[in-house]
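Shown next, in structure tokens, is the structure this report addresses.
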Amino acid sequence: MKALEAANSIFDQLVAWRRDFHMYPELGLDTVRTAGIVAETLRELGYAVQEGIAKNGVVGLLENGEGAVVMNRVDMDALPIHEAGDKPYTSKNPGLMHACGHDAHTAMGLGIAKLMAENRDTWSGTLKLIFQPGEEGQNGAEIMVKEGVLDNPRPQVALALHVWNQIPYGKVLASAGPVMAAAEAFRVVITGKGGHGALPHHTVDPVTTAALMITNLQTIISRNVGALETAVVTVGSIQSGDAFNVIPETAELKGTIRTYDPEVRLRVLDRLRAIVEGTATMMGATAELELLPVTPALVNDASVTALVREVVTDVLGEDKLGDIQTMGSEDAAFFNQEIPGCYIFVASGPEDYQDRPHHNPRFDIDERAMVNGVAVIIESLHRLMPTKEA
Ligand SMILES: [Zn+2]
Ligand SMILES: [Zn+2]
């Protein structure tokens, strides 16, 4: 089977699936309609289907003789964003939108399911297709792993991909090592003593304390993380007070930390704790810090990635192969920390891609990217699960 030809032959079907999912986006773990279509399609193709993992996760298993067990993971959820624009396939669910491309992922997952099932004489092994809800902040992957999705049978290799609008359609990017960062969310509640805005000396001002704390947190990256190390500290939200003449009682900060290296991660978290406590003490206030680990770093296995890079070169051409590393985070990390794998980025930016970044209300992809994604995955699956003669 020629992978690119095969993927091209189902282009219209991929577009139809993707636009249908795009029109009916669903949030978090509640991907009821999407999961229903996925399960039904997998059954029609002859897969053994398991539903209801992490609420609406679906697994399709195709046992096709001796050989490796290989999984391909797809995420299905959308975002709480109201779609802008007037495409014929604009979201029909107000306030919800597929602004990250998981509609395309689900469509590609079904395309992969179809081509692998219809060409089962060209490979030998067990294909485990995992359709996951709740990637955008609900850690659907972690829940699926806890509910046993990696058992019976346990995959030896894990593949997954993401459309990537940061660069124009054409390339496929796969790099060994850490490709996405470990993420934690943090929340700080500063408690002072409220009072009159004209009499600050009778108060403990949580607003000034918050301002100093944010400034001090900037020294973590500039003074505690080496110039050749990688970390991000961002305060993305500050909430305090309502009136111009009142010093409020409390202030709340929310932020995120991104790191690759576990040692750097611990150092950044230590400094975060020290600065939050120290700044509050200095100002006579108190501060409570809440830390919420979101995902571990997403690390690609060297030998699986080498195989995928070879596939990209053979299927699409050497000029289409690219490298990538980002500070974004992705809960596929929960699969990759258990199973050696490769998380692949498929360039999907349309002509005006700079106006259509991920999580933007105008997000849209060049749909031809789905052909590249399907071709690279099915060719990789064939090489990981060859027939005896092959
Ligand atoms: Zn996203
Ligand atoms: Zn995404």
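Here numbering that gives the first Met the number 0 is used: the sequence shown runs in plain steps of one and ends on residue 389. We put the beta carbon where it would ideally sit given N, CA and C, even for glycine. All values derive from a computational prediction rather than experimental measurement.
Judged by DSSP secondary structure, residue 336 falls outside any beta strand (DSSP E); it is assigned neither H nor E. Remark: C-beta atoms of residue 205 and residue 236 do not approach each other more closely than 8 Å.
Spanning the alpha carbons of residue 12 and residue 6 requires a straight line of approximately 10 Å. Scanning 374, 113, 180, 308 for the CA closest to the CA of residue 38 turns up 113. Contact fails between the region 299-313 and the region 95-104, because fewer than three Cβ pairs, one in each stretch, are under 8 Å apart.
Pairwise C-beta distances place the region 118-136 in contact with the region 13-31, as three or more of them are shorter than 8 Å.
About 4 Å separates the Cβ atoms of residue 347 and residue 368, confirming a contact at the 8 Å cut-off.
Taking a cut-off of 8 Å for Cβ pairs, the region 189-205 and the region 316-331 do not touch, as fewer than three such pairs fall below it.
Residue 124 is positioned such that its CB atom lies no closer than 8 Å to that of residue 48. Boundaries of the alpha helix (DSSP H) around residue 269: 261-281. With a threshold of 16 other beta carbon atoms within 10 Å, residue 250 meets it and is buried. Take residue 56, set aside five residues on each side of it, and the residues of its chain with a beta-carbon closer than 6 Å to its own are 131, 132, 143, in chain order. Residue nearest to residue 110 within the set 272, 381, 377 is 377 (criterion: CA-CA distance). Here the region 146-157 does not lie against the region 275-282, with fewer than 3 beta-carbon pairs under 8 Å apart. With a minimum length of 3 residues, the unbroken runs of beta strand (DSSP E) contained wholly in the region 62-130 fall at 68-74.
Separation of residue 194 and residue 359 (C-alpha to C-alpha, rounded to the nearest whole angstrom) is 41 Å.
DSSP, reduced to helix, strand and coil, places residue 212 within a helical segment of the structure shown. Ranked by Cα distance from residue 282, the options 203, 218, 168 are led by 203.
Close CB contacts of residue 363 within its chain, under the 8 Å cut and outside five residues either way in sequence, are with 84, 86, 349, 355 (chain order).
Rounded to the nearest whole angstrom, the CA to CA distance from residue 32 to residue 89 is 17 Å.
For residue 248, the closest alpha carbon among the candidates 190, 303, 30 is that of 190. Buried is the label assigned to residue 172, since at least 16 other Cβ atoms lie within 10 Å of its Cβ. Cβ contact annotation for residue 74 (same chain, cutoff 6 Å, sequence separation greater than five): 101, 104, 131, 134, in chain order. Ranking 228, 223, 192, 187 by CA distance to the CA of residue 212 puts 187 first.
Ranked by Cα distance from residue 107, the options 384, 385, 375, 383 are led by 375.
When the beta-carbon positions are compared, residue 352 and residue 154 stay at least 8 Å from each other. When DSSP states are grouped into helix, strand and coil, residue 201 belongs to the helix group. By the rule of a C-beta closer than 6 Å to any heavy atom of ligand 1, the residues picked out are 99, 135, 357, 358.
In the structure shown, residue 223 adopts helical secondary structure according to DSSP, grouped into three states. Secondary structure of residue 18 (DSSP, three-state): helix. In this structure, residue 116 and residue 45 form a Cβ contact; the two beta carbons are roughly 5 Å apart against a cut-off of 8 Å. As computed with DSSP, residue 316 is found in no beta bridge at all. In terms of side-chain proximity, the C-beta atom of residue 101 is found nearer than 7 Å to a non-hydrogen atom of ligand 2. Residue 228 is not bridged by DSSP to any residue.
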